[in-house]
Structures are given as structure tokens and as C-alpha cells.
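Asker: Sharing a structure with you now.
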């Protein structure tokens, strides 16, 4: 249970856009981590995927299972043994102007010695009855190392200006 | 001239933030990811479309059997 909630770092994309958020040297002094991402793609798409890697690892040891709902229905999808993990979608410039995603990543026991799981919910703020998608995702990084780096990046292109990522540390003791 | 891709690096110990160019390895990873995701996304969309088509086909057959639209939709949920 979270008893303290500390904003470790926050950053916002400037006018030139950015291809990634890279949180490094994450201290191991918390119980869990949470990242809140408000992001928009600079590309001319309705939706763009957002991916994550831990500790700079591109080894094919990531897996995820996704439950999704979109304007055409709902379903599930997943991948195993891939080089990153999908965490959600963000609107691009073809979507309603100035709309952003709302992605919440929760990483329990990130400094422990077991494989690392992560749960994610993602809801792009599309303001449209079409071209929207909601995702609930269960993610696994099959590595027992403590997580000290989180690298967040779009499936392609850049995060647009004003996209923001904030990393929180959560403790179960005061 | 191609665009130089950059990343925002946040050192969580010092609070220092830097905008740095992506490494060649990171660029290669992005390209591989984009190709892999395009394939996965196409598979997901195809599966969703197939499920929607199967549902519509099922409803049509139920209607042909004489069920009302409300009954057919209830069975197809």
C-alpha cells in the first residue's frame, strides 16, 4: 500500500519535439514506481504506439497482454519475447488538435530480485467518436535486475511539444 | 538533410536534464520496432475486423431464423 508518493523527476518536451524520455539513475530506495505520461505524437497519424525498455535492455525478454477497446469493438492482443513492451497509444496530429494521451504505468517491487511486472492503463484524449483506443496492459520484463532506467519512446517519430512524463517513487512505509 | 533525433535524459539522482542525440543503436532499435509493430498492429486489426464480421454474420443468420433484432443482438453479445 502506498503511504508516501514522491515526484522523483518530471520533464516536458520542448519546441523541437523529442524521440524519447530517458529516466536514468533511478534510486532503489522506493517500493514501487509510477510514471504518468501525457503525450502527443508529432506525426500525422490518429494514434501512435508508445513503448518502454528497462535498463537499456533491447534483449527479447519483454512480453505483454493487452485488452483494448476502440471505435470498432474490443478484444485482446499480446506478444512475447520481444525487444520492448507496448504501453499504450497517444494521439497524433491527425487527431483533434491539442489532445494528449493519459498513460499510467505502475511498476511494483521494481528494485526486487524477481522478474519485473508492470500494469498500464492508457486513454488517449481524442475527443472523437472514431479513431480512439483504450488499453489495459499487463507487461513483463523477464529480468531480475533492479530497474534503474526507464526509456519511453514512440513507435515512430517524435513526442510533440508539451508532452510530459513524471516519475513517482512510492513507499509502503513513512 | 535528415532530422537529428534527440531524447530527453533525466538523471534522477542529480535532477540534471539533457537533450542528447539518439545513439546509432537506439535509432536501429526504433526502426526495428516500427517494422515489428506495423506487423503486429496489422494482425490485431485483422483479428478485430474478422471478429466484427463474424458477429455481423451471426446476427444476420439469427435474423433469418426469425429472431428479432433485439434477440439476435442479445445472443451475439
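Chains as they are written, first to last, in the numbering used here: chain A, 13 to 186; chain B, 324 to 400.
Where is the CB? At the ideal position from N, CA and C, for every residue including glycine.
(1) Any beta carbon of chain B sitting closer than 8 Å to that of residue 140/A?
(2) Does any residue of chain A have a CB that is nearer than 8 Å to the CB of residue 334/B?
(3) Would you mind stating whether residue 108/A and residue 140/A have Cβ atoms separated by less than 8 Å?
(4) Work out the CA separation of residue 344/B and residue 161/A for me, nearest whole Å.
(5) Pull up the distance between the alpha-carbon of residue 94/A and that of residue 23/A, whole angstroms please.
(6) Applying the 10 Å Cβ sphere with the 16-neighbour rule, what's the burial state of residue 400/B?
(7) Which bits of chain A does residue 383/B rub up against, with CB to CB less than 7 Å?
(8) Output yes if chain B places a C-beta closer than 8 Å to the C-beta of residue 119/A; else output no.
(9) In three-state terms, what does DSSP make of residue 362/B?
(10) Residue 390/B to residue 371/B, Cα distance in whole Å?
(11) As a quick exercise: from 396/B, 366/B and 368/B, pick the residue whose alpha carbon is nearest that of residue 380/B.
(12) Taking 8 Å as the threshold (C-beta atoms), are residue 113/A and residue 50/A in contact?
(13) Could you give the C-beta distance for residue 56/A and residue 104/A, rounded to a whole number, given that I count them as a contact under 8 Å?
(14) Between which two residues does the beta strand (DSSP E) carrying residue 177/A extend?
(15) Which residues of chain B have a Cβ atom closer than 8 Å to the Cβ of residue 137/A, listed in chain order?
(16) Quick one: Cα of residue 184/A to Cα of residue 382/B, how far?
(17) Alpha carbons only, please: which of 356/B, 357/B and 334/B is nearest the one belonging to residue 37/A?
(18) Using beta carbons (cut-off 8 Å, strictly below), is residue 30/A in contact with chain B?
(19) Alpha carbon to alpha carbon, how far is residue 324/B from residue 347/B?
(20) For residue 387/B, is the classification buried or exposed, using 16 other Cβ atoms within 10 angstroms of its Cβ as the cut-off for buried?
(21) For chain B, check one thing: does any of its Cβ atoms lie closer than 8 Å to the Cβ of residue 246/A?
(22) State yes or no: is the C-beta of residue 176/A within less than 8 Å of the C-beta of residue 137/A?
(23) Taking the beta carbon of residue 181/A as the centre, do at least 16 other beta carbons fall within 10 Å, making it buried, or is it exposed?
Answerer: According to the structure shown:
(1) One-based indexing of the first chain puts residue 140/A at position 128. Residue 140/A does not count as touching chain B.
(2) Along the second chain, one-based indexing puts residue 334/B at 11. Yes, because at least one Cβ of chain A sits closer than 8 Å to the Cβ of residue 334/B.
(3) Position 96 of the first chain holds residue 108/A. Position 128 of the first chain holds residue 140/A. Result yes, Cβ atoms of residue 108/A and residue 140/A sit closer than 8 Å.
(4) Locating residue 161/A in the first chain gives position 149, where the first residue counts as 1. Locating residue 344/B in the second chain gives position 21, where the first residue counts as 1. Taking the straight line joining both Cα atoms gives about 17 Å.
(5) For the purposes of this step, residue 94/A is taken as residue 82 along the first chain, with counting starting at 1. For the purposes of this step, residue 23/A is taken as residue 11 along the first chain, with counting starting at 1. Answer to the nearest angstrom: the Cα atoms are 28 Å apart.
(6) Walking along the second chain from the start, residue 400/B turns up at place 77. Per the 10 Å Cβ criterion, exposed.
(7) By one-based count along the second chain, residue 383/B stands at place 60. Result: empty, since nearest Cβ-Cβ is about 17 Å, beyond 7 Å.
(8) Position 107 of the first chain, counted from the start, is the residue given in the question as residue 119/A. Judged by the 8 Å Cβ criterion, residue 119/A is not in contact with chain B.
(9) Position 39 of the second chain, counted from the start, is the residue given in the question as residue 362/B. When secondary structure is reduced to three states using DSSP, residue 362/B falls in the helix class.
(10) The residue labelled residue 390/B in the question sits at position 67 within the second chain. The residue labelled residue 371/B in the question sits at position 48 within the second chain. Approximately 26 Å between the Cα atoms of the pair.
(11) Position 57 of the second chain, counted from the first residue, corresponds to residue 380/B. Sorting 396/B, 366/B and 368/B by C-alpha distance to the C-alpha of residue 380/B places 396/B at the top.
(12) In the first chain, residue 50/A corresponds to position 38, counting from 1. In the first chain, residue 113/A corresponds to position 101, counting from 1. Against a cut-off of 8 Å, the Cβ pair of residue 113/A and residue 50/A comes out as a contact.
(13) Position 44 of the first chain, counted from the start, is the residue given in the question as residue 56/A. Position 92 of the first chain, counted from the start, is the residue given in the question as residue 104/A. Contact holds; Cβ gap of about 6 Å.
(14) By 1-based counting over the first chain, the position of residue 177/A is 165. Taken as a continuous stretch (DSSP letters only), the beta strand (DSSP E) holding residue 177/A covers 176-183.
(15) As a first step, residue 137/A must be located in the first chain, where it is residue number 125. Residues of chain B whose Cβ lies closer than 8 Å to the Cβ of residue 137/A do not exist, since the nearest Cβ in that chain is about 21 Å away.
(16) What you label residue 184/A is simply residue 172 of the first chain in a count that begins at 1. What you label residue 382/B is simply residue 59 of the second chain in a count that begins at 1. So the alpha carbons of these two residues sit roughly 51 Å apart.
(17) Along the first chain, one-based indexing puts residue 37/A at 25. The candidate whose alpha carbon is nearest that of residue 37/A is 334/B.
(18) Counting from 1 along the first chain, the entry for residue 30/A is found at position 18. With 8 Å as the cut-off, residue 30/A counts as an interface residue toward chain B.
(19) Your numbering for residue 324/B matches position 1 in the second chain. Your numbering for residue 347/B matches position 24 in the second chain. In this predicted model, residue 324/B has a pLDDT of only 47, less than 50, meaning its place in the structure is not dependable; the value taken from the coordinates is given anyway. Rounded to whole angstroms, residue 324/B to residue 347/B spans 17 Å at the Cα level.
(20) Here residue 387/B is taken as the residue at index 64 of the second chain, counted from 1. Label assigned to residue 387/B: exposed.
(21) It is not possible to answer for residue 246/A, since the shown part of chain A is limited to 13 through 186.
(22) As a working mapping, residue 176/A is identified with position 164 in the first chain. As a working mapping, residue 137/A is identified with position 125 in the first chain. Against a cut-off of 8 Å, the Cβ pair of residue 137/A and residue 176/A comes out as no contact.
(23) As a first step, residue 181/A must be located in the first chain, where it is residue number 169. By the neighbour-count rule (16 or more Cβ atoms within 10 Å), residue 181/A is buried.
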